[in-house]
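Enquirer: In the numbering used here, the protein residues as written are 5 to 382. Where a beta carbon is used, it is the ideal one built from N, C-alpha and C, also for glycine. First the structure, then my questions, so here it is.
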């Protein structure tokens, strides 16, 4: 069912020029428009319905095998086309500039009772260069979602993450705050240490590099620590993402997630908890009691979560995030690169900027940050 989802996502992109919505948003508020509606009339209803079933966000509702998918697509009994140099009368030309192919005769039973009526083949869609769809991962990884599936607020619920009798899992390594700048040499009057500066923005927006830039550009002494309670999460076991965040200063908490498929989102705060703030030495534990939590889902691979604690609330409008259920999804690829190029701040555009109160005399861009990694497995 993992490969079925991946293949169906590729077909969806080939038909529409867009990837399906991220799974984290679909589980909470499914905005997926079925292909039987979006591409009606261009392809057969049975073909489009089969792709829609392959893209069911819940594995148990999805086509369960490649064999079943072949049947639903009406491919049983068909013979693969072969390229011919001298096409005969039965040769069909597909698309502009594509190879000429001829089909071998179908078995009599298939001709007598076809499982799917052939439809005219449309010319390939012209996809703009700025399309931001991620490249499908190798192997069984799907191309959709954020790598951290979200559990439906009321309908789906969750089966429960049972604490086992075995020893507690080893916490993931935490990223310490940037070291304090060296003390100045002997001078008449002490001078303040320079604030850390994030590396210069690269020509291309790459989420993992931007997360690293945020960590490197954090304020010295903020002391943010992020601890993952379990770093290897099983999809079959419906494991959840659980972590704790502490800081040596008061601040507002922000958590961003980057999944193996390239999706990038602001997970905390969200519509369930619009403002999340902790005091010095206090621990923020995720999930909270706001009924929003994340469980392991497709695709498998490494998910990166960044925890920020900021002295002031922050605005991420520079990257023009869009609401996706209760969370905000950031653009990636060429769209993100173009927006980041217009950003005037010294740090990453993904870090946002402080939202200062009108007339505030002191509104420094100060924050601490730490990274966490989770491996999603089957």
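(1) Can you tell me the Cα-Cα spacing of residue 304 and residue 287, whole angstroms?
(2) Between the C-alpha atoms of residue 347 and residue 322, what's the straight-line distance to the nearest angstrom?
(3) Measure the CB-CB distance between residue 337 and residue 223 and report whether it falls below 9 Å.
(4) Thinking C-beta only, is residue 245 closer than 9 Å to residue 291?
(5) Can you give me the C-alpha to C-alpha distance between residue 53 and residue 295, rounded to a whole angstrom?
(6) What number of angstroms, rounded off, separates the C-alpha of residue 60 from the C-alpha of residue 239?
(7) Report the three-state DSSP secondary structure of residue 218 (helix, strand or coil).
(8) What does a CB cutoff of less than 6 Å around residue 39 pick up in its chain, not counting 5 residues either side in sequence?
(9) Assuming contact is defined by CB atoms lying nearer than 9 Å, are residue 341 and residue 234 in contact in what I supplied?
(10) At the level of alpha carbons, what is the spacing between residue 331 and residue 248?
(11) For residue 142, which residues from the same chain have a beta carbon less than 8 Å from its beta carbon, with the 5 sequence-adjacent residues on both sides left out?
(12) Rounded to the nearest angstrom, what separates residue 10 and residue 206 at their Cα positions?
(13) Rounded to a whole number of angstroms, what is the C-alpha to C-alpha distance between residue 335 and residue 242?
(14) For residue 326, tell me which candidate among 65, 275, 17, 62 has the shortest Cα-Cα distance.
(15) When DSSP labels each residue in this structure, what does residue 67 get in the three-state scheme?
(16) In three-state DSSP terms, what is residue 255?
(17) In the DSSP assignment, the beta strand (DSSP E) including residue 56 goes from what residue to what residue?
(18) Strictly by DSSP, which residues pair up with residue 326?
(19) With DSSP run on the structure shown, which of helix, strand or coil describes residue 79?
(20) Could you tell me the alpha carbon to alpha carbon distance between residue 311 and residue 228, rounded to whole angstroms?
(21) Starting from residue 375, trace the beta strand (DSSP E) both ways and give me its first and last residue.
(22) Is it buried or exposed, residue 35, if we count other Cβ atoms within 10 angstroms and call 16 or more buried?
(23) Hey, which unbroken runs of the beta strand (DSSP E) at 3 residues or more fall wholly within the segment 262-347?
(24) Are residue 254 and residue 218 close, meaning C-beta to C-beta below 9 Å?
(25) Please report the straight-line C-alpha distance between residue 50 and residue 77, rounded to a whole angstrom.
(26) Please check the pair residue 43 and residue 70, which I expect to be a contact at CB under 8 Å, by giving their CB distance rounded to whole angstroms.
(27) Can you list, in chain order, the residues of its chain with a C-beta nearer than 7 Å to that of residue 349? Leave out the 5 residues immediately preceding and following it.
(28) Taking all protein chains shown into account, decide if residue 184 is buried (16 or more other Cβ within 10 angstroms of its Cβ) or exposed.
(29) Which first and last residues belong to the alpha helix (DSSP H) in which residue 61 is found?
(30) Can you tell which of 68, 273, 316, 320 has the C-alpha that lies nearest to the C-alpha of residue 297?
(31) Use the C-beta contact count for residue 58: other C-beta atoms within 10 angstroms, 16 or more gives buried, fewer gives exposed.
(32) What three-state label does DSSP hand residue 15 in the structure shown?
Expert: Reading off the structure:
(1) For the purposes of this step, residue 304 is taken as the residue at position 300 of the chain shown. For the purposes of this step, residue 287 is taken as the residue at position 283 of the chain shown. Distance between the alpha carbons of residue 304 and residue 287 is about 29 Å.
(2) Translated into the one-based positions of the chain shown, residue 347 becomes position 343. Translated into the one-based positions of the chain shown, residue 322 becomes position 318. Answer to the nearest angstrom: the Cα atoms are 7 Å apart.
(3) What you label residue 337 is simply residue 333 of the chain shown in a count that begins at 1. What you label residue 223 is simply residue 219 of the chain shown in a count that begins at 1. No, Cβ-Cβ distance for residue 337 and residue 223 is not below 9 Å.
(4) Your numbering for residue 291 matches position 287 in the chain shown. Your numbering for residue 245 matches position 241 in the chain shown. The answer is yes: Cβ separation under 9 Å.
(5) The residue given as residue 53 occupies position 49 in the chain shown. The residue given as residue 295 occupies position 291 in the chain shown. Cα to Cα, the separation comes out at about 33 Å.
(6) Sequence index remark: in the chain shown, residue 60 carries index 56 (1-based). Sequence index remark: in the chain shown, residue 239 carries index 235 (1-based). Rounded to the nearest angstrom, the two C-alpha atoms are 16 Å apart.
(7) Counted from its first residue, the chain shown places residue 218 at position 214. Residue 218 falls in the helix class under three-state DSSP.
(8) For this step, residue 39 is matched to residue 35 along the chain shown. Counting only Cβ-Cβ distances below 6 Å, and skipping sequence neighbours, we find 52, 55, 56.
(9) As a working note, residue 341 is residue 337 in the chain shown. As a working note, residue 234 is residue 230 in the chain shown. Going by C-beta atoms, residue 341 is not nearer than 9 Å to residue 234.
(10) As a first step, residue 331 is located in the chain shown; it is residue number 327 there, counting from the start. As a first step, residue 248 is located in the chain shown; it is residue number 244 there, counting from the start. The straight-line gap from Cα to Cα measures roughly 19 Å.
(11) Working through the chain shown from its first residue, we reach residue 142 at position 138. Since pLDDT at residue 142 reaches only 43, below the 50 mark, its modelled position is unreliable, and no value is offered.
(12) The count along the chain shown starts at 1 and reaches residue 10 at position 6. The count along the chain shown starts at 1 and reaches residue 206 at position 202. Those two C-alpha atoms are separated by around 30 Å.
(13) Here residue 335 is taken as the residue at index 331 of the chain shown, counted from 1. Here residue 242 is taken as the residue at index 238 of the chain shown, counted from 1. Roughly 28 Å between the two C-alpha positions.
(14) As a first step, residue 326 is located in the chain shown; it is residue number 322 there, counting from the start. For residue 326, the nearest C-alpha among the options comes from 275.
(15) As a working note, residue 67 is residue 63 in the chain shown. Looking at residue 67 - three-state DSSP - the assignment turns out to be coil, as it is neither helix nor strand.
(16) On the chain shown, position 251 is the one that residue 255 refers to. In this structure, residue 255 counts as strand in the three-state DSSP scheme.
(17) To locate residue 56, count along the chain shown from 1; it is residue 52. Here residue 56 belongs to no beta strand (DSSP E); instead the alpha helix (DSSP H) covers 49-58.
(18) Taking the chain shown and counting its residues from 1, the one referred to as residue 326 is at position 322. Bridge partners of residue 326: 333.
(19) For this step, residue 79 is matched to residue 75 along the chain shown. Residue 79: coil per DSSP, three-state reduction.
(20) Locating residue 311 in the chain shown gives position 307, counting from the first residue. Locating residue 228 in the chain shown gives position 224, counting from the first residue. Distance between the alpha carbons of residue 311 and residue 228: 8 Å.
(21) Residue mapping note: residue 375 aligns to position 371 of the chain shown, counting from 1. For residue 375, the uninterrupted beta strand (DSSP E) segment begins and ends at 371-381.
(22) Counted from its first residue, the chain shown places residue 35 at position 31. Its Cβ having fewer than 16 others within 10 Å, residue 35 is exposed.
(23) 268-272, 287-290, 298-300, 305-314, 326-328, 331-334
(24) As a first step, residue 254 is located in the chain shown; it is residue number 250 there, counting from the start. As a first step, residue 218 is located in the chain shown; it is residue number 214 there, counting from the start. Pairing residue 254 with residue 218 gives a Cβ-Cβ distance that is not under 9 Å.
(25) In the chain shown, counting from the first residue as 1, residue 50 sits at position 46. In the chain shown, counting from the first residue as 1, residue 77 sits at position 73. The alpha-carbon of residue 50 is positioned some 7 Å away from that of residue 77.
(26) Locating residue 43 in the chain shown gives position 39, where the first residue counts as 1. Locating residue 70 in the chain shown gives position 66, where the first residue counts as 1. Wrong, their Cβ atoms sit about 22 Å apart, outside the cutoff.
(27) Your numbering for residue 349 matches position 345 in the chain shown. Non-local beta-carbon contacts of residue 349 in its own chain, meaning distances under 7 Å to residues more than five positions away in sequence, involve 357 in chain order.
(28) One-based indexing of the chain shown puts residue 184 at position 180. Bear in mind that the predicted position of residue 184 carries a pLDDT of just 48, short of 50, making it too unreliable to give a figure here.
(29) Here the question's residue 61 lines up with position 57 in the chain shown. First-last for residue 61: undefined, no H or E at that position.
(30) As a working mapping, residue 297 is identified with position 293 in the chain shown. Cα-wise, what sits closest to residue 297 is 273.
(31) Along the chain shown, one-based indexing puts residue 58 at 54. By the C-beta density criterion, residue 58 is buried, having at least 16 other C-beta atoms within 10 angstroms.
(32) Start at 1 with the first residue of the chain shown, and residue 15 comes out as number 11. Correct three-state label for residue 15: helix.
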